[in-house]
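Residue numbers (my numbering), protein chains in the order written: chain A, 6 to 508; chain B, 611 to 1287.
A short worksheet on the structure shown next.
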């Protein structure tokens, strides 16, 4: 146990060490850029510095986590518990993978832009602040740091009109949504006189939420619903994913979504657990809408990138289902599912990035036809990704879905469970054709990659992700146990074991 | 009701904590598994590295045998009171369910462990010589190693799910090896047939598992054995159903009537595979399963009678087919089916030790017979190969007089022939005699067992006949291979003959592991004493009254006489007339033809089951249900609906920001109304 007094500057510094180190890394990259910003090699250098700067942050995180850091006295501004550490780890993994996949992508697309990497790091630090916030103000600041960086990143392909469109759309609707969020925070503060999550929780304990608080919570949910791309606040997502550089689309689908969900879990489980009767119907409705709309519309997509965009909306629905129960099992399921989803999506977008040619808006089923003949390993990796997204047994994605189902069934919401299963079944209708195209269709004379090569960093990233997906798909025991344990640092009630697997 | 049952049933079976060598029993599985990985990698990357493959392939088996021997020595030194359970990891854990991936080390599994790794090692060594020239050498050893790993999982598993992994795994390896030369369609078809027929049996095992879980709430062997006697009524419907479904699995795996037809076809694989998988080990898994669950079968006398009846019938029926086969491996294949029938007669009679005893001795002499036939085929094949002849190297009508060219193979196969025929004091005599005596003894409780005994006796006569016929056609008389080819006939190299010598020795003296009391030299009843802890509970439920004194001597005298008569008939009748070569031979007529065509069972199955099923699948299931209903109305219909809805959804995705904000706002208003209520 390592008690840290969050009221003192040194205590806060210690507690925020991972975030601080990531920010420092971002600035270091900027300084390197000041001198070197002309060639592809400079761009690579910036990427390497960015990647290297994640190492001390990860080390600091490991030190806090292994040391069992916990707040001395009242929690204040930033959380110190296993759930935050796990959140930070997930975000760091997503960031590192995005950087690794960006090397080859930027080179292939001929983008010389070393600032790209510092923006990635700033976005990552924003996500970390957001996911680890113990106070709504910290959460909002983190969210804005993240959002502004990602707006810029979305428009980073300056030569592409679609990239510019994506950035503008994301920014406009994003600003709109931020206003909702901020207004929600204000109303919650008005209702309770608190902005700290635990403070709000204590104030509301056992009592009925006043109308002002209810409206504040509702506005908060709207703002967060936008960030995680839940229906009906999702309309931006397909256009923005489509126009953004592929690694950034992947980053939005993984990092931004993960940060949003982790923050949402913390808000709902720490600040307003006793108002579950208020937020549960909303969450359930958003979940159902996201699962149904995301999966159905994904069916009629031709472009794989848009298909993955709608699929990520569907996955937002699964994650909303996961957090619905408000129990320890629910929080555990969110962590497990996010881990599975982040790994799989990172790999999927990585593969998509190498399949794309000339602005890659045109990656369709035809682009993967016959992939297995020319690039058997790439086809295999793509297959694993699709199966894991589908939730096929033997992959990590299946374990995640099982965990969600365990939580929902344990909390006796059978309808949600049924809808999740049925919509997952529908999703086979657009995941499996990708595999079929890769294995059963003829490529013709043309190489699906058209002579492009997957660089080593990309290969390693995808290979590691695929390996983990398969290994944890077969041996999920330990990671399930730790997820439940991590969830236990946030919630202490309800459900200690997953039905079926793990102990 | 199931949960109240759970509360009423707190007891689990007794078990001993693993100590010493037993803790390392998993190494016996790990070694062949490593062998599989290494040989598999070599098969993909460097198939020409045959020396490395030989060393790895046989080395891992010898290492596994060393593990088995060490565990055996430990168990002999300190016999445990209850089975030793070596739990490796938690496999399936759920509410009320905790299935460990665990191995069970007790007297029975150690016997199986020794047989599988011991006989397995010999066959691996033989294969080095036999398969050396084959292009798929590394692939062959990879499969063979994998088979041994799965077989050991099967015999070591401490619960039904782990056993089932092994059960399916050995099946997989069996199909891979049957169709090892997959370039030939007949071989691929034989593998497919084995696969399909075995699915029927596997379904039985699965249903039995579900029933057991429903009734007993456990799949651990020790726990099942402890709980069932207090829970289920003796010979009640449930226990009969459970045991019958288990037995269905055995019927498939161990090739009993009516599912035996795959085994003779399985001879399409390389001959050492036939020796290892389709004679010595895998096909005896069914016998092991019954012995392992002896308590269940002892509690269901009705099932036991079915088991014994099917066993006796199979023994007789398969032996009769063996009388008129010309393919040397087909004779041995039907002989295997027949001998497996004996084993089921034993375990059905309640003589579980006798069944295991015959399993062990059969592993010795049948492995020897198959490997010997492999040597013969090897020689014949080389002779025909050298002269570019396309005659059948496995047809005994093309052999004859091989004694002169292959004296070692002849001598050793003769030992095995005498052993399987039941000539005293070779190994097969003791094990077969014990089975027949037990069946006769049970005749006191129910007359039908006397019929089973009579069938066993008749089968013994036929066994002696067809085995001697095989020896006479192959090794005696004049050579019919052809003048040019004759010069190329020669004894197999020592790497192949060596294992035969060891097996010959074991066939000769293997009976020593369980000598009956009347035998002048001791020690007596070693295996009975060794397996006593495993089968004691079942034997109490279903005691076997072995005949003694004059009756016993009369039975023995009868059995030996019958063996002698069979052998002499087989010898004299076969050599009475000159045998035409396969090329010139006239078609068999009359009943001989019926026997040669195996009672037309394959044709009958084809006409009654396969064709109607294929027709039904094609017309009704494929064209009607699948294409019409499921694809047409179901899949295409619902997919069409889903796509239509999706299309509407993507039409809404106009790209117009203003519209997006309107949707956003509608959602926001709805959401705020919901929370405010």
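No residue lacks a Cβ here, since even glycine has one placed at the ideal position from N, Cα and C.
Computed from a predicted structure; not experimentally measured.
Simplified DSSP state of residue i, which is helix, strand or coil
i, result
"residue 843 of chain B", "coil"
"residue 680 of chain B", "helix"
"residue 140 of chain A", "strand"
"residue 767 of chain B", "strand"
"residue 626 of chain B", "strand"
"residue 1005 of chain B", "strand"
"residue 81 of chain A", "strand"
"residue 1101 of chain B", "coil"
"residue 830 of chain B", "strand"
"residue 1047 of chain B", "helix"
"residue 38 of chain A", "helix"
"residue 612 of chain B", "Because the pLDDT at residue 612 of chain B is just 37, under 50, the model does not fix this residue reliably, and the point stays unresolved."
"residue 781 of chain B", "helix"
"residue 1152 of chain B", "coil"
"residue 1057 of chain B", "coil"
With 16 other Cβ atoms within 10 Å as the buried cut-off, status of residue i
i, result
"residue 658 of chain B", "exposed"
"residue 206 of chain A", "buried"
"residue 1094 of chain B", "exposed"
"residue 296 of chain A", "buried"
"residue 998 of chain B", "exposed"
"residue 990 of chain B", "buried"
"residue 686 of chain B", "exposed"
"residue 872 of chain B", "buried"
"residue 1222 of chain B", "exposed"
"residue 1180 of chain B", "buried"
Closer than 8 Å to chain A by CB, residue i
i, result
"residue 1276 of chain B", "yes"
"residue 1257 of chain B", "yes"
"residue 700 of chain B", "yes"
"residue 869 of chain B", "no"
"residue 1285 of chain B", "yes"
"residue 1252 of chain B", "yes"
"residue 1271 of chain B", "yes"
"residue 732 of chain B", "no"
"residue 1267 of chain B", "yes"
Per DSSP, the bridge partner or partners of residue i
i, result
"residue 74 of chain A", "A:7"
"residue 308 of chain A", "A:369"
"residue 579 of chain B", "With chain B represented from 611 up to 1287, any question about residue 579 of chain B goes unanswered, as that position is not in the structure."
"residue 201 of chain A", "A:140"
"residue 595 of chain B", "Lying outside 611 to 1287, the shown extent of chain B, residue 595 of chain B is not represented and no answer is given."
Proximal residues of chain E, C-beta to C-beta of residue i below 9 Å
i, result
"residue 227 of chain A", "Given the protein chain composition of this structure (A and B), no chain E is represented."
beta-carbon residue i near the ligand FAD non-hydrogen atom, thresh 7 Å
i, result
"residue 433 of chain A", "As for the ligand FAD, it is missing from this structure, which has no ligand bound."
Neighbour flag for residue i against chain B, beta carbons, 8 Å
i, result
"residue 257 of chain A", "no"
"residue 40 of chain A", "no"
"residue 167 of chain A", "no"
"residue 240 of chain A", "yes"
"residue 237 of chain A", "yes"
"residue 398 of chain A", "no"
"residue 410 of chain A", "no"
"residue 474 of chain A", "no"
"residue 44 of chain A", "no"
"residue 302 of chain A", "yes"
"residue 181 of chain A", "yes"
"residue 305 of chain A", "yes"
"residue 330 of chain A", "no"
Legend entry - Completely contained beta strand (DSSP E) runs for the segment 689-759 of chain B, where each covers 3 or more residues: 694-704 and 707-715
Inset, instruction - Jot down the residue ranges of each uninterrupted alpha helix (DSSP H) in the segment 114-182 of chain A, minimum 4 residues, whole runs only, in chain order. - result: 120-137 and 141-159
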